[in-house]
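See structure below.
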Amino acid sequence: MDFSYSKTEELFLQMIRSFAENEVKPLAAEVDETERFPMETVKKMAKLGLMGIPVPRQYGGAGGSVQMYIMAVEELSRVCATTGVILSAHTSLCMAPILENGTEEQKMKYLPKLASGEWIGAFGLTEPNAGTDAAMQQTMAVDAGDKYILNGSKIFITNAAYADVFIVMAMTDKSKGTKGISAFIVEKGFKGFSIGKKELKMGIRGSATCELIFENCEVPKENLLGPLGKGFNIAMKTLDGGRIGIASQALGIAQGAMDETVKYTKERKQFGKAIAQFQNTQFQMADLKTKVEAARLLVRSAAWKKDKGLPYSADAAMAKLFAAETAMEVTTKAVQFHGGYGYTREYPVERMMRDAKITEIYEGTSEVQRMVIAGHLFK
Amino acid sequence: MDIKDYKNVYVFAEQRGGMIQSVAYELLGKARDLADALGEKVVAMLLGHNVKDQAQSLIEMGADEVLVADCPELKDYLTEQYSQVVYQMITAGCPSIVLYGATTIGRDLAPRIASRLKTGLTADCTKLEIGIVEETGEKQFRSTRPAFGGNLMATILCPNTRPQMSTVRPGVMQKRVREAGRKGTITMFAPKFDTSKFKVKVIETKMNCKCADDIADAKILVSGGRGVHDKEGFNKLQALADVLGGMVSSSRAMVDAGIMDHCFQVGQTGKTVRPNLYMACGISGAIQHLAGMEESDFIIAINKDKYAPIFSAADLGIVGDLHKIVPMLTERLKKDVEK
Amino acid sequence: MNIIVCIKQVPDTTEIKIDPVKNTLIREGVPSIMNPDDKGGLELALQMKDKYGANVTVITMGPPQADLILREAFAMGVDRAILLSDRKFAGADTLATSYALAGAIKTLDYDLIIAGRQAIDGDTAQVGPEMAEHLGLPQVSYVIDAERKENGNFIVKKENEDSVQTLEVEGKCVLTVLASAFEARYMTVAGIVDAYNKEVEVWGADKLDVDENKLGLKGSPTKVWQSFPKQLKAPGEVFEVSEEEAVEIIVKKLKEKHLI
């Protein structure tokens, strides 16, 4: 068993760290403060091939591994969780389902533009009445000969305001329950499709989370993704992959908060010595560090299984559950170690704590992760 | 030829636009010490066009002899033209030591000559001395220079080849007091050019220096770093410098940010300064900056961050906001002057 | 056009610290990086490749671990990488290093050679010009811009202390480059994925056009006699007081030292 980074991964880490430090970190506070989508960063990522890391070369991607992709999400999230989730939603929730379920024509049509970053991707499953209970889909798709007509809405869609391509779930046969859900590839310009209100969020405030509105939206027949009625399976498998991405985002946030806290506690003096020298600080930080490393192993192991083509659904759920809860714990304690300063926007841990919370909620709440894990355990 | 037969200390007397550079005089000062310790002569090499009248100035600053090559080919510094002449002077005169300024010219020329002579060269020295070898009692030329970004000092020898060559950064060595009317020999040197090797020509030279005075000559420097923020901040420093009768200088950060001109930059990639007073305002004190100013007689640091490394180099440190303290200090000193 | 870029692996000197107790350099955990000026030179070469089309070869002398910066160069877009690695090169000063590099370059086809102005571990700025002399080529140092004319000449801008000069160089030459003028590109993801599938050519002394007696320690005229960490002076007094008090403290000191 080899836990070390491969030489290629080492090289990748060198690049992505320097990119995150020099290009992403300087914008993080401003992106959060102004709730602005960092389009210039996405353009820079596109130029380097970061928008298509695990996509094969024949579809215009970089031909990298899932492992490299999740390292990118971690390193970006370490300095800016908004940037991390933009990449995660684009890669895991839009390109991955096309790659895994698309026809050759669909792959050739969408992947090169997505992988090059010319287009940004998004994913629409959640509805006002279908959150954790995703089977309660109310968006309808009606067969109209050469096209489907979609009606309904989706909410909390990451990247929505800036995305060009959306993977959208809709009911094609309500009588069949989850087996009546189908997946569609919807383009920004399709007739009857519009972007609704932007959410004002606690954290990841630059990720342009919006509502999708379908009013007699016309989707060509050839944009059905996968077989009719297989949409729910596609959505669940997509979320399995997405969870590795969100787990990496959580890991990155936790690591970022660790970095800040180590730096701060070494500098900050109280009662005549650096607070890092107090045993209370040391013991708590030791526990947090251990959890962060454990989360990293879970995340890397899930990505490794996905790269190998092994089943990884439970692994992804465990990675996300543990990394998200670790991120919340580390950031909360990081703010505590910073004292009053930690509660101000002068220090990034304040933002990190707000950013961490969402990782326990989206792409399956921690409760859903426990359901998935238990499902595998007791099947 | 035996290496014992190489004698005298040569100095490349750098001139620009016909003006002998300060560093040439600084080198003559050090060369004088070395030559006296060895019982040898100091010889200056002056290359240029219409520069021979300035040879006497080099004698007054410590040279015993000046070799002058004065011809149109040498008007502007060009690597090959100058290399050919300096090489010919060295092979004709067989000096034991040759010194160059560690300027863009000296650092371009000296390695070229070292490679042509197949001899050793030590760059950017901060200390040059004649030591005595314990075992043999022989005199030995020792060049000390910083390495690893200034973290380590290394003393370098060039035991088996001659001449022994070193470059020295401007501002590091001390000039001698000018001795008007000092006697010495001025020798005209007629170079033999191999023009087939002249492959580079100057198309244009744009002077970009906005400073009339050189910070390296200032007795008092009020220096600003990242904490000064902007041009507005530097105006505050300028007001203080005016009251103190000094100049404003800058850290690399503010030059890179385009706020100050490069000629005001102190540090490893800027200038080395050793004023009587160096006031570091809002400068964190990276080792590269310290390398350029730590020889100053008295250093005052003002910085908000009490962990800034500048405080370890300062004689007096003030933890506080320069934007408040500097203007208050300026007003306070103005009042003193009025009294 | 064929461009050769000389690069060096160096410890990141900004990360080096002094052990305050033993007064020695702490080199442990200090990352090895591509020297910044060399990376600037590589960027210039890649910009020329983008502009005129060129084959870019990087060459470095160093231990087997220096392979890392050659992989990085591959991932940035170079076409060929050569590692000069041989015990015979060990202990080389700038003259012996430049001689070995020149000996390797003599066996290659090239139109332009680029190097960094200086390396951050030694800061000598000597290897480029010394190598140019070994090769009998003209040089321009402190380069901040370079273009190629159709006749094969180069128009080069160099930065001096007080001026920027534009020079024309006839034919092949050596340029030494300032990092500040060339913001190096990042490695691309595809470049990284491919970097370890490419071949780094490892050359020993026998592959070079050299006299082996002039290599390494034997070929080095300079010797390090002793080295020591820089002595830090005793820290002065640091005050954390009100602005009014601070001003008074400064004025008092300035008077004491007869600076006003």
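Chains as they are written, first to last, in this note's numbering: chain A, 1 to 379; chain B, 1 to 339; chain C, 1 to 260.
Glycine included, each C-beta is placed from N, C-alpha and C at the ideal position.
Asked: Threshold first: 3 residues or longer. Then list the beta strand (DSSP E) segments lying entirely within the segment 215-286 of chain A, N to C.; Found: none
Asked: Please list the residues of the segment 228-253 of chain C that have a C-beta atom closer than 9 angstroms to any C-beta atom in chain B, keeping them in chain order.; Found: Phe228, Pro229, Lys230, Gln231, Leu232, Lys233, Pro235, Gly236, Glu237, Val238, Phe239, Glu240, Val241, Ser242, Glu243, Glu244, Ala246, Val247, Glu248, Ile249, Ile250, Val251 and Lys253
Asked: Find the residues of chain C that neighbour Phe19(A), judging by a C-beta separation of less than 9 angstroms, and give them in chain order.; Found: Tyr186
Asked: With DSSP as the reference, label Asn197(C) as helix, strand or coil.; Found: coil
Asked: Please return the same chain residues whose Cβ sits closer than 6 angstroms to the Cβ of Leu217(C), not counting the five positions on each side in sequence.; Found: Gly91
Asked: Could you list the residues in the segment 125-138 of chain C with a C-beta less than 9 angstroms from some C-beta on chain B, going in chain order?; Found: Ala125, Gln126, Val127, Gly128, Pro129, Glu130, Met131, Ala132, Glu133, His134, Gly136, Leu137 and Pro138
Asked: Determine the direct distance from the alpha carbon of Gly242(A) to that of Val66(A), and round the result to whole angstroms.; Found: 11 angstroms
Asked: Any residues in the segment 59-78 of chain C with a beta carbon nearer than 7 angstroms to a beta carbon of chain A? Which ones, in chain order?; Found: Arg71, Glu72 and Ala75
Asked: Between Glu65(B) and Val43(B), how many whole angstroms is the CB-CB distance? I'm expecting something under 8 angstroms.; Found: 5 angstroms
Asked: What three-state label does DSSP hand Trp119(A) in the structure shown?; Found: coil
Asked: Look up Asp143(A) in the DSSP assignment and give the residues it is bridged to.; Found: Tyr148(A)
Asked: Residues in the segment 93-114 of chain C with C-beta within 9 angstroms of chain A's C-beta atoms, listed in sequence order?; Found: none
Asked: What I want to know is whether the C-beta of Glu40(B) ends up closer than 6 angstroms to one or more non-hydrogen atoms of the ligand SAM.; Found: Ligands in the displayed structure: none, and consequently the ligand SAM is not present.
Asked: Can you look up Thr91(A) in the DSSP assignment and give me helix, strand or coil?; Found: helix
Asked: What does Pro36(C) reach in chain B if we use C-beta pairs closer than 9 angstroms?; Found: Chain B residues near Pro36(C): none, gap ~11 angstroms exceeds 9 angstroms.
Asked: Over the uninterrupted beta strand (DSSP E) stretch that includes Val248(B), give me the two end residues.; Found: Met247 to Ser250
Asked: For the alpha helix (DSSP H) that contains Asn129(A), what are its first and last residues?; Found: Note, Asn129(A): premise wrong, no alpha helix (DSSP H); not H, not E.
Asked: Buried or exposed: which applies to Val202(B), given that a residue is buried once 16 or more other Cβ atoms fall within 10 Å of its Cβ?; Found: exposed
Asked: Counting only Cβ pairs nearer than 7 angstroms, list the residues of chain C close to Cys158(B).; Found: Pro221 and Thr222
Asked: Within a Cβ cutoff of 8 angstroms, which residues of the same chain sit near Pro163(B), ignoring the five residues on either side of it in sequence?; Found: Tyr6, Tyr10, Ile90, Cys94, Pro95, Ser96, Ile97, Val98, Leu117 and Thr119
Asked: Identify every residue that forms a DSSP beta bridge with Phe184(A).; Found: Val168(A) and Leu224(A)
Asked: Of the residues that make up the segment 248-265 of chain A, which ones have a beta carbon closer than 7 angstroms to any beta carbon in chain C?; Found: none
Asked: If you drop the 5 nearest sequence neighbours on each side, which residues of the same chain put their C-beta closer than 8 angstroms to that of Ala135(A)?; Found: Gly177, Thr178, Ile181 and Phe232
Asked: Thinking just about the alpha-carbon of each residue, which of Ala301(B), Ser312(B) and Thr330(B) is nearest to the one in Val319(B)?; Found: Ala301(B)
Asked: What residue range is occupied by the uninterrupted alpha helix (DSSP H) comprising Tyr82(B)?; Found: Thr79 to Gly93
Asked: When the distance is taken between beta carbons, is Val85(A) closer than 7 angstroms to Ser248(A)?; Found: no
Asked: I believe Val210(C) touches Tyr99(C) by the beta-carbon criterion, under 8 angstroms. Please report the beta-carbon distance rounded to the nearest angstrom.; Found: 7 angstroms
Asked: Can you pull the chain B neighbours of Ile16(C), defined as C-beta to C-beta under 7 angstroms?; Found: Phe148, Gly149 and Asn151
Asked: Identify which residue in Lys333(A), Ala286(A) and Ile246(A) has its Cα closest to the Cα of Gly364(A).; Found: Ile246(A)
Asked: Using the C-alpha atoms, what's the distance from Ala28(A) back to Met207(B)?; Found: 40 angstroms
Asked: In chain D, which residues lie less than 8 angstroms from Val30(C) when you measure between Cβ atoms?; Found: Here chain D cannot be found, since the structure's protein chains are A, B and C.
Asked: Helix, strand or coil: how does DSSP classify Asn213(C) here?; Found: helix
Asked: Note down, in chain order, every chain B residue with its Cβ under 9 angstroms from the Cβ of Glu170(C).; Found: Phe198, Lys199, Val200 and Lys201
Asked: Can you grab the Cα-Cα spacing for the pair Ala302(A) / Thr97(C), in whole Å?; Found: 48 angstroms
Asked: Excluding five sequence neighbours on each side, which residues of the same chain lie with their C-beta closer than 6 angstroms to the C-beta of Asn216(A)?; Found: Ile149 and Gly192
Asked: Since Asp315(B) meets chain C, which of its residues come closer than 7 angstroms, beta carbon to beta carbon?; Found: Gly236
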